[in-house]
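J.: So that we are looking at the same thing, I have put the structure below in structure tokens.
Numbering (the numbering used here), first residue to last: 1 to 53.
Put into structure tokens, the structure is as follows:
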């Protein structure tokens, strides 16, 4: 997972799938934020995409 696009930024996030992140896990959805607020914005974005208002 490439995090260079949010490194050193404020309130930024990345949502990505990661293949085989751990033993016995085929795939995971990861929300990574550049800071706490960025992570929260990433969670809000996932909620929006799922249709939660």
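Using N, Cα and C, we set each Cβ at its ideal position, and we do this for glycine too.
Remember, it's a predicted structure, so these values are computed and weren't measured experimentally.
Identify, in the order they occur along the chain, each residue of the same chain with its Cβ nearer than 8 angstroms to the Cβ of residue 27, setting aside the five sequence neighbours on each side.
T.: Cβ within range, chain order: 17, 18, 19, 20 and 21.
J.: Which same chain residues end up closer than 7 angstroms to residue 35 when comparing Cβ atoms and leaving out the 5 residues on each side of it in sequence?
T.: Within the same chain, residue 35 has close Cβ partners 10 and 11.
J.: For residue 19, list the residues DSSP reports as bridge partners.
T.: Answer is 27.
J.: Can you give me the C-alpha to C-alpha distance between residue 39 and residue 32, rounded to a whole angstrom?
T.: Each residue's alpha carbon lies about 6 angstroms from the other.
J.: Could you check the C-alpha separation between residue 25 and residue 13 for me, to the nearest Å?
T.: Each residue's alpha carbon lies about 23 angstroms from the other.
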